[in-house]
Amino acid sequence: MMSVLKQSKIPILIGFLLLGIDFLTKWIANITLSVESTVDTALPFWNWYLTYNEGYHYIFGELAHFRITQTVGLIAVIVLIWIMARQRADLRAGSAHRVLFGIYISLLIGATGNPWETLVLGRVTDYFIFTPLPWPSNLADQYINLAIYVFMPIWIVLSILESRRKKKAEREELQTSTVEPEESS
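The numbers in numbering that gives the first Met the number 0 rise by one with no breaks, and the one at position 38 of the sequence shown is 37.
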């Protein structure tokens with residue numbers, strides 16, 4: 000167990016750094032922004048907008064028993080991080096998959112900011128609107144978006160390429176093993 004954690008200490012530390020940044024930005028938003036008041040920025044696609052999500056999801060609507068779902072979600076993420084750390088420990092140092100496992104571990108830890116805040120405060124702080132999305136967001140949400148929309152496609156492409164490379168190597172090995180060496184006279 001300690002070996003697995005030791006081999007993933009850098010992604011775990013980065014994950015806790017991301018989690019800390021999420022908490023820090025929410026704290027700054029809470030002390031500097033007025034609730035449900037839009038503040039324009041120099042960027043046309045970005046506005047500050049402080050609001051509190053108290054069990055309502057902008058896509059799914061009202062979420063009953065949100066503290067229970069957040070707790071179950073946290074447990075699931077902790078198990079997933081442990082599984083990923085174990086899988087990462089088996090990969091060759093410096094391989095693309097090992098790096099991606101590390102990135103996912105970091106992003107998953109950072110993304111737990113919302114469930115932790117829900118459990119402690121009973122709400123989630125959202126403090127910016129990123130157009131074209133119509134709902135308020137925070138950094139923990141963006142960590143999830145990065146994992147899903149940036150790194151997952153990279154992982155899928157790398158996995159397909161790796162699978163093709165392995166199949167090609169197996170075919171070549173099979174061809175060389177079935178060809179008998181010529182005898183010289």
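Note that beta-carbon positions come from the ideal geometry of N, C-alpha and C, so glycine has one too. These numbers come from a predicted model, not from an experiment.
Taking all protein chains shown into account, Asp125 has 16 or more neighbouring C-beta atoms within 10 Å of its C-beta and is therefore buried.
Residue environment analysis places Tyr148 among the exposed positions, since fewer than 16 neighbouring C-beta atoms fall within 10 angstroms of its C-beta.
Each residue's CA atom was taken as its position, placing Ile82 and Ala75 some 11 angstroms apart. Using a Cβ-Cβ distance cut-off of 8 angstroms, the stretch 112 to 120 and the stretch 27 to 38 are not in contact, since fewer than three pairs of beta carbons, one from each stretch, lie closer than that value. The alpha-carbon separation between Pro131 and Met1 amounts to approximately 44 angstroms. Going by DSSP, Leu4 is part of the alpha helix (DSSP H) stretching over 1 to 6. Residue range 95 to 110 is occupied by the alpha helix (DSSP H) that includes Ile108.
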